[in-house]
Amino acid sequence: MKRCRDIGVTSAIVVAVMLIMAVELAAGQTLTPALITQERSVKDGVFTPDQAARGRERYEASCQRCHGIDLAGGAGRSLTGAVFLRDWTGLTLDSLFERMQSMPPGGSESLAADAYVDIITYVLERNGFPAGGDELSTRFLNAVRVEGEEGPDVVPNFALVRVVGCLAGSAADGWRLADASAEVRTTDPEPSAGDELRAVQAIPLGEGAFRLMYVFPSPEAYVGHMVETKGLLIRGASDSAGDSLNVTSVQSLAPRCGRP
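Going by the numbering used here, the sequence shown opens with residue 40, and the numbers climb by one from there.
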């Protein structure tokens with residue numbers, strides 16, 4: 040009897056999977072192996088020309104007033120060119136989707152999720168990324184990464200980043216991070232918490248150094264601590280100049296800073 044029950048459960052799972060696939064296919068989304076198993080980039084043709092055309096209509100109706108007819112910005116931020124790549128390189132499209140869902144101001148409830156996805160595809164098209172044979176859907180936003188010509192791992196200048204390091208310096212001489220980890224992009228300027236904080240606490244120290252700018256309130260109590268610092272990355276004009284962080288938050292991870 041137990042074997043019969045197991046077979047019944049397995050059959051039900053198979054039927055459920057087939058139903059999900061049928062719904063996706065009916066919606067025009069082809070479940071190709073690449074879509075299911077691989078992280079892709081915006082260079083890989085993740086939308087169709089027809090979807091971008093729908094996105095243009097929705098952009099003109101809901102976004103153009105703030106972001107401009109050419110997407111170059113105005114009352115709203117630019118969605119094209121160097122600004123777009125600086126804001127989103129290294130992040131997946133679900134981050135852009137979440138940001139877009141708060142817009143337009145006072146009118147976000149009038150747009151469905153698929154409308155925002157269509158607008159994203161129009162933005163990608165205007166940034167020169169190629170179309171492909173499958174439409175983009177909400178299901179795959181977290182598997183598509185934004186990248187420019189230099190690739191997905193290059194953190195662009197002025198990006199919001201997180202760094203772990205040893206706090207040194209003073210208010211008079213300037214604050215700095217020593218033995219710092221490599222900068223990693225983040226979407227939250229506030230100190231990490233919960234699972235994210237536990238992950239940050241496990242980051243090992245590195246070989247980097249950063250000058251800290253506009254640190255308020257004073258982090259004096261954390262001198263000598265291992266700290267998490269978030270801020271806007273400002274690349275040095277030369278290799279010898281070093282990089283800086285325009286700080287948004289500093290929190291102590293441990294009262295002593297040193298390698299194990």
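For every residue, glycine included, the Cβ atom is placed at its ideal position computed from N, Cα and C.
Predicted, not measured: the structure shown is a model, and the values here were computed from it.
Nearest-angstrom Cα separation, counted from residue j out to residue i
i: residue 182; j: residue 109; result: 27 Å
i: residue 177; j: residue 152; result: 7 Å
i: residue 126; j: residue 230; result: 20 Å
i: residue 219; j: residue 144; result: 39 Å
i: residue 120; j: residue 85; result: 19 Å
Exposure of residue i, with buried meaning 16 or more beta-carbon neighbours within 10 Å
i: residue 294; result: exposed
i: residue 257; result: exposed
i: residue 101; result: buried
i: residue 91; result: buried
i: residue 317; result: The question about residue 317 has no answer here: the residues shown for the chain are numbered 40 through 299.
i: residue 195; result: buried
Of the listed residues the options, nearest to residue i (C-alpha basis)
i: residue 232; options: 254, 289, 256 and 285; result: 289
i: residue 93; options: 151, 105, 160 and 149; result: 160
i: residue 173; options: 89, 282 and 280; result: 89
i: residue 211; options: 185, 254, 197 and 224; result: 254
i: residue 221; options: 131, 140, 128 and 203; result: 203
i: residue 273; options: 249, 96, 217 and 266; result: 249
i: residue 180; options: 132, 201, 198 and 188; result: 132
Whole-number beta carbon distance between residue j and residue i, since they are thought to touch under 8 Å
i: residue 168; j: residue 81; result: 5 Å
i: residue 271; j: residue 284; result: 7 Å
i: residue 162; j: residue 175; result: In fact, because the Cβ distance is near 11 Å, the residues do not count as touching under 8 Å.
i: residue 206; j: residue 286; result: About 11 Å; that fails the 8 Å criterion.
Per-residue DSSP class, three states only, for residue i
i: residue 90; result: helix
i: residue 116; result: coil
i: residue 249; result: strand
i: residue 237; result: helix
i: residue 102; result: coil
i: residue 274; result: coil
i: residue 160; result: helix
i: residue 177; result: helix
Distance cut-off 6 Å: residue i Cβ against heavy atoms of the ligand FMN
i: residue 106; result: You won't find the ligand FMN in this model; it holds no ligand whatsoever.
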